[in-house]
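Worksheet for the structure shown next.
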Amino acid sequence: KAGVTQTPRYLIKTRGQQVTLSCSPISGHRSVSWYQQTPGQGLQFLFEYFSETQRNKGNFPGRFSGRQFSNSRSEMNVSTLELGDSALYLCASSSGRATNYGYTFGSGTRLTVV
Amino acid sequence: TQLLEQSPQFLSIQEGENLTVYCNSSSVFSSLQWYRQEPGEGPVLLVTVVTGGEVKKLKRLTFQFGDARKDSSLHITAAQPGDTGLYLCAGAISWGKLQFGAGTQVVVTP
Numbered sequence: 001k002a003g004v005t006q007t008p009r010y011l012i013k014t015r016g017q018q019v020t021l022s023c024s025p026i027s028g029h030r031s032v033s034w035y036q037q038t039p040g041q042g043l044q045f046l047f048e049y050f051s052e053t054q055r056n057k058g059n060f061p062g063r064f065s066g067r068q069f070s071n072s073r074s075e076m077n078v079s080t081l082e083l084g085d086s087a088l089y090l091c092a093s094s095s096g097r098a099t100n101y102g103y104t105f106g107s108g109t110r111l112t113v114v
Numbered sequence: 001t002q003l004l005e006q007s008p009q010f011l012s013i014q015e016g017e018n019l020t021v022y023c024n025s026s027s028v029f030s031s032l033q034w035y036r037q038e039p040g041e042g043p044v045l046l047v048t049v050v051t052g053g054e055v056k057k058l059k060r061l062t063f064q065f066g067d068a069r070k071d072s073s074l075h076i077t078a079a080q081p082g083d084t085g086l087y088l089c090a091g092a093i094s095w096g097k098l099q100f101g102a103g104t105q106v107v108v109t110p
């Protein structure tokens, strides 16, 4: 079955702009989590959506937001971009029925803010 | 905050040697997951361990979960160049939320 698809793979944006990233989970999976990965902080949890509802949230400012559609596809938005937002943004898909199941990650979107 | 400490940060070995990566925490996790990540790609799930004392084998990889469910180890026997990558341990905290360790970069040279 198809894996987790993230688009676009690469993005270059200017400070102050906003950006929208997209994630299509594995067919049948209803949970989508988003992570930010940087060399200094590693992988940090942003938020998780299940059946169009945000079920969990990490410690990121309100500039980071997300949503999930009825087909389980998810988008995350970052407004008023800062240089420090440059990172690899990863989404992870799971059935969402238990916390112990493993996750399938997409290849990520590499965001560079200049 | 439930922190996960991985050691060592970096491992460089020759093909055929064995290696062990450790993942330790002062907190209890309902499960520990191990991932391998290659440059420019997302992490790939290797295994999930749930029960204290559990041992899982995946070909040349052996995973252990500590009795108290606070620590885990990954042992690779007879490493091959294809085992090169960033190994990450992650503890399940709540819905969709994993606490990741900083990772161990493993380099296996022919």
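From first to last, the protein sequence lines are chains L and G. 1 is the number of the first residue of the first sequence in the numbering used here; add one for each residue after it. 1 is the number of the first residue of the second sequence in the numbering used here; add one for each residue after it. Just so you know, even glycine gets a beta-carbon here, dropped at the ideal spot from N, CA and C.
Would you mind sorting residue i into buried or exposed? The rule is 16 or more other CB atoms within 10 Å of its CB.
i, result
"V55(G)", "exposed"
"Q80(G)", "exposed"
"Q17(L)", "exposed"
"G28(L)", "exposed"
"A98(L)", "exposed"
"L3(G)", "exposed"
"A43(G)", "The question names Ala, yet the displayed sequence has Pro at residue 43(G). Buried, since its Cβ has 16 or more Cβ neighbours within 10 Å."
"T109(G)", "exposed"
"D67(G)", "exposed"
"F63(G)", "buried"
"T53(L)", "exposed"
"E48(L)", "buried"
"S93(L)", "buried"
"S26(G)", "exposed"
"S7(G)", "exposed"
"S72(L)", "buried"
Mapping the DSSP letters down to three states, classify residue i as helix, strand or coil.
i, result
"L88(L)", "strand"
"G106(L)", "coil"
"G40(L)", "coil"
"L46(L)", "strand"
"D83(G)", "helix"
"L81(L)", "coil"
"S94(G)", "strand"
"G66(L)", "strand"
"D71(G)", "strand"
"T53(L)", "strand"
"Q6(L)", "strand"
"L3(G)", "coil"
"T20(G)", "strand"
"Y35(G)", "strand"
"K13(L)", "strand"
Determine, using beta carbons only, whether residue i and residue j come nearer to each other than 8 Å.
i, j, result
"L86(G)", "Q99(G)", "no"
"R55(L)", "G16(G)", "no"
"N100(L)", "V50(G)", "yes"
"G58(L)", "L46(L)", "yes"
"L88(L)", "Q37(L)", "yes"
"V19(L)", "L81(L)", "yes"
"E75(L)", "R63(L)", "no"
"N24(G)", "H75(G)", "no"
"T84(G)", "V107(G)", "yes"
"A92(G)", "F29(G)", "yes"
"V113(L)", "S86(L)", "yes"
"R15(L)", "L83(L)", "yes"
"S33(L)", "S95(L)", "no"
"L45(G)", "Y35(L)", "no"
"G82(G)", "F65(G)", "no"
Quiz item: Taking three-plus beta-carbon pairs below 8 Å as touching, is the segment 6-19 of chain L in contact with the segment 60-80 of chain G?
Solution: When Cβ pairs closer than 8 Å are counted between the two stretches, the segment 6-19 of chain L is seen not to touch the segment 60-80 of chain G, the count staying below three.
Exercise. Could you tell me whether the segment 52-66 of chain G touches the segment 102-109 of chain L, using the rule of 3 or more Cβ pairs below 8 Å?
Key: Contact check between the segment 52-66 of chain G and the segment 102-109 of chain L: fewer than three CB pairs, one atom from each, fall below 8 Å, which does not count as touching.
Exercise. Determine, using beta-carbon pairs with one atom in the segment 82-96 of chain G and one in the segment 32-41 of chain G, whether at least three such pairs fall under 8 Å.
Key: yes
Exercise. State whether the segment 5-13 of chain G contacts the segment 18-26 of chain L, with contact taken as three or more CB pairs (one from each stretch) at a distance under 8 Å.
Key: no
Practice problem: Identify each residue in the segment 100-111 of chain L for which the Cβ-Cβ distance to at least one residue of chain G is less than 9 Å, and report them in chain order. | Solution: N100, Y101, G102, Y103, T104, F105, G106, S107, G108 and R110
Quiz item: Mind listing which residues of the segment 66-93 of chain L have their C-beta closer than 9 Å to chain G's C-betas, in chain order?
Solution: Interface annotation for the segment 66-93 of chain L against chain G: L88, L90, C91 and A92, criterion Cβ-Cβ distance under 9 Å.
Quiz item: Quick one, which residues of the segment 17-46 of chain L are near chain G if we go by CB-CB under 7 Å, in chain order?
Solution: S31, S33, G42, L43 and F45
Quiz item: For the segment 47-73 of chain G, which residues have a beta carbon sitting closer than 7 Å to at least one beta carbon of chain L?
Solution: T48 and V50
Quiz item: Can you list, in chain order, the residues of the segment 15-34 of chain G whose Cβ is nearer than 7 Å to any Cβ on chain L?
Solution: S30, S31 and Q33
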